[in-house]
Ligand code: ADP
Ligand code: MG
């Protein structure tokens with residue numbers, strides 16, 4: 005696919021009307037854009053070149069585009085459409101997810117019913133299975149990086165932000181400490197990890213979906229890391245006593261400290277809690 009428009013080619017503004025800001029991250033500003041030919045709406049992540057200081061930063065953006073291109077199109081990913089480069093920035097035009105971040109939805113709802121949590125969680129696991137099958141690990145799985153396709157409860161979920169993603173080979177060990185504090189796997193903190201670190205982060209997201217609280221927390225990064233490395237799971241305080249044993253069994257199998265014993269994406273998809281998706285009982289109030 006010919007997706008990259010070089011600096012000398014047509015510019016973003018030539019092909020799109022640029023609109024409001026949808027979100028911001030460490031490197032990117034994401035804006036609503038409309039293509040002039042067809043009138044379709046997209047999201048455009050612009051990464052300012054002023055923020056790309058070292059050669060590694062530039063390589064990181066290249067890799068982000070390469071990985072997003074590789075994993076697109078897929079039902080579980082906000083897919084890549086086009087890339088532009090101008091003097092100031094790299095612009096990544098992708099599928100629009102108009103329902104906002106899963107993070108905001110959690111804040112608005114407090115917790116999800118088991119049925120709702122299971123539906124979204126299945127999508128997240130399918131996303132990770134898709135990536136891992138292509139030899140890619142995401143490394144920044146968290147509710148800010150999952151987007152809803154529309155504002156209703158029937159919205160689907162899609163992953164975005166492959167800015168920390170990387171290619172892996174079977175058995176390869178990674179050492180760079182990367183990710184977001186609450187979601188980072190213990191083996192990442194110990195700087196010896198592989199793609200199973202994504203599964204841990206999924207487990208943290210699932211725990212939050214069901215309870216509204218992160219499983220490992222503290223007042224600062226250091227305290228959070230200590231809590232992760234201690235690895236204690238609390239199922240005794242509310243709302244956990246009211247949550248099904250199947251859900252707790254799945255959380256436990258995912259938030260397994262030893263990454264070699266941890267459930268894989270394929271195993272999670274076979275778990276009875278997900279298999280019963282739709283049939284999973286809503287939690288009593
Ligand atoms: P960063 O790498 O800087 O964290 P992200 O790719 O995570 O940037 O994008 C930042 C924010 O922009 C996201 O958390 C989300 O709120 C919004 N956003 C990103 N992609 C899309 C999209 N395809 N549709 C709608 N909003 C998006
Ligand atoms: Mg992000």
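Numbering (the UniProt record's numbering), first residue to last: 5 to 289.
Cβ atoms here follow ideal geometry from the backbone N, Cα and C, with glycine treated the same way.
TODO: Return the bridge partner residues of residue 36 from the DSSP annotation.
DONE: 47
Task: Cβ shell of residue 77 (< 7 Å), same chain only, five flanking positions each side left out - done: 83
- [ ] Taking residue 94 as part of the beta strand (DSSP E), name the residues at either end of that continuous run.
- [x] 93-99
TODO: Return yes when the C-beta of residue 167 is under 7 Å from any heavy atom of the ligand ADP, and no when it is not.
DONE: yes
TODO: Name the residue from 66, 264 and 23 whose alpha carbon lies nearest to the alpha carbon of residue 170.
DONE: 66
Open item on the list: Closer than 7 Å to a non-hydrogen atom of the ligand ADP - does that hold for the CB of residue 178?
Closed with: no
TODO: For residue 28, count neighbouring C-beta atoms within 10 Å of its own C-beta (all shown protein chains included) and say buried if the count is 16 or more, exposed if not.
DONE: exposed
Open item on the list: Within a Cβ cutoff of 7 Å, which residues of the same chain sit near residue 176, ignoring the five residues on either side of it in sequence?
Closed with: 198
Open item on the list: For the beta strand (DSSP E) containing residue 85, name the first residue and the last one.
Closed with: 84-89
- [ ] Output the distance between the C-alpha atoms of residue 231 and residue 237, rounded to the nearest integer angstrom.
- [x] 10 Å
Open item on the list: Is the separation between the beta-carbon of residue 203 and that of residue 269 shorter than 8 Å?
Closed with: yes
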